[in-house]
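Presented below is the structure to which this report refers.
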Amino acid sequence: MTDDEKYLFDLTGYLVIENVLTPEEVALCNEGIDRHKDQVRLRLGELSLSGSSTALKGTTGRGDMFGMLSWERPWCEPFRTMLAHPRIVPYLNEIVGKGFRMDHWPSLITMEEGAEGFTFHGSSGPGFDPHQYYLVRDGRMHCGLTVAAWQFSDTNPGDGGLCLIPGSHKGNFACPQEMKLYHKYQEFVKPIPCRAGDVAIFTEAVTHGTLPWRAKHERRSLLFRFSPGNLAYGKNYDWGSQVPLDELTEEQRAVLEPPYHTRLHTVLDNQGKKVS
Ligand SMILES: O=C(O)CCC(=O)C(=O)O
9 MTDDEKYLFD LTGYLVIENV LTPEEVALCN EGIDRHKDQV RLRLGELSLS
59 GSSTALKGTT GRGDMFGMLS WERPWCEPFR TMLAHPRIVP YLNEIVGKGF
109 RMDHWPSLIT MEEGAEGFTF HGSSGPGFDP HQYYLVRDGR MHCGLTVAAW
159 QFSDTNPGDG GLCLIPGSHK GNFACPQEMK LYHKYQEFVK PIPCRAGDVA
209 IFTEAVTHGT LPWRAKHERR SLLFRFSPGN LAYGKNYDWG SQVPLDELTE
259 EQRAVLEPPY HTRLHTVLDN QGKKVS
């Protein structure tokens, strides 16, 4: 992670890392998703994410899909690679800290044209959230729950999708409710355009959400959430009961370890290789 990237992440709470996947790798991920499409669950009715917002309403819900790390081969393989991907590990080492661990089961977001948005959320201010936070001490970032969102389709300006309030991860006052509903202060809300193959990294402390999807093509974004090695947000971290650990590399297994003191944790170097 360069000094410029550190500056920008500290300033805004997010970064987009371009071209992490090749077009062939994106195509393999999309083929795997297509073959398991019956597992997508649309968030309709009480699972709707747009709440009382009129600006985020849609004509259908967002789709969610889980479980790709345990799909049959070869479809699980590109997703398992994302656990300790050499292009992304250096960012997680810097932002979340060495010994970072996967905190949630990865979740794919799918959105068809007209799909509703998601009201804005995040943990920035006024209280301290001990699971989702952003601090800098002695020149080092300390970040709780952090997302790496892998893009399998393009998000062009005006399409909708991920948006956030840059800088809000350092906010000291509550975000106005009307702003969270995208009814007010829209000029401070930044949509995040990305290309298929890019990875958007953001702290869950930054206030973020989803704008309704306007494009003809389907949105596909796969969210991996990571926590520091000593910390858990999610209740479940018994990944071995769901993923055959013996099929993973040492590095991938290291990222699936439960939370405990960082001193005892397996650490990956910035090439994504196990060093302790
Ligand atoms: O649409 C997005 O990328 C944001 C989704 C999100 O914030 C969430 O699922 O918690």
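Per my numbering, the very first residue in the sequence shown carries number 9; after that it's consecutive.
C-beta: ideal position from N, C-alpha, C; glycine also.
Outcome for residue i when other beta-carbon atoms lying within 10 angstroms are tallied against a minimum of 16
i    : result
V144 : exposed
F108 : buried
D12  : exposed
T30  : exposed
H273 : buried
K243 : exposed
Y5   : As shown, the chain starts at 9 and ends at 284. That puts residue 5 outside it, with no answer to give.
E26  : exposed
Y15  : exposed
K188 : buried
H93  : buried
G166 : exposed
G280 : buried
Best match in the options for proximity to residue i [C-alpha to C-alpha]
i    : options                   : result
K192 : L64, S249, P31 and G21    : L64
R51  : V34, S78 and I117         : I117
G168 : F160, T20 and E124        : E124
Y22  : Q250, H216 and G280       : H216
D246 : D42, R261 and P236        : R261
N164 : A213, A156, M90 and R222  : R222
T127 : P114, M119 and S60        : S60
I209 : Y241, P220, Q159 and A240 : Q159
G71  : E226, M119, H44 and P236  : M119
K45  : P220, E54 and M76         : M76
I173 : T68, Q194, L239 and R81   : Q194
M90  : S176, P199 and A157       : A157
P201 : K106, Q279, L170 and H177 : L170
G122 : E255, D111, G69 and Q185  : G69
P184 : R43, G248 and H129        : H129
R271 : G280, P236, Y241 and G248 : P236
A182 : D137, P252 and Q250       : D137
M110 : E265, Q279, N278 and D277 : E265
G248 : V263, L239, A240 and A35  : V263
G66  : L219, D254 and L253       : L219
L251 : F74, L55, R43 and T62     : Leu is not the amino acid found at residue 251; the sequence shown has Val there. The shortest C-alpha separation from V251 is found at F74.
Cβ neighbours of residue i in the same chain (closer than 7 Å, five flanking residues each side left out)
i    : result
E339 : Residue 339 is absent from the model: the chain starts at 9 and stops at 284.
M9   : P98, Y99 and E102
V275 : K106, G107, V283 and S284
Identity of the residues DSSP links to residue i by a beta bridge
i    : result
H93  : Paired residues: none, contrary to the question.
P4   : Since the first residue of the chain shown is 9 and the last is 284, residue 4 is not available in this structure.
I103 : Answer is none; I103 lacks a bridge partner.
T270 : T270 is not bridged to any residue.
C151 : Y142
T211 : T154
V24  : A208
A123 : T68
Contact test: residue i Cβ vs ligand 2 heavy atom, cutoff 8 Å
i    : result
H216 : Ligand 2 is not part of this structure, which contains only ligand 1.
Other residues of its chain near residue i: CB distance less than 6 Å, five sequence neighbours each side excluded
i    : result
Q140 : S131, G152, L153, E212 and A213
M149 : I103
E186 : K192
Contacting residues, own chain, Cβ-Cβ under 8 Å from residue i (five flanking each side not counted)
i   : result
F87 : C37, G40, M76, L77, W79, P114 and L230
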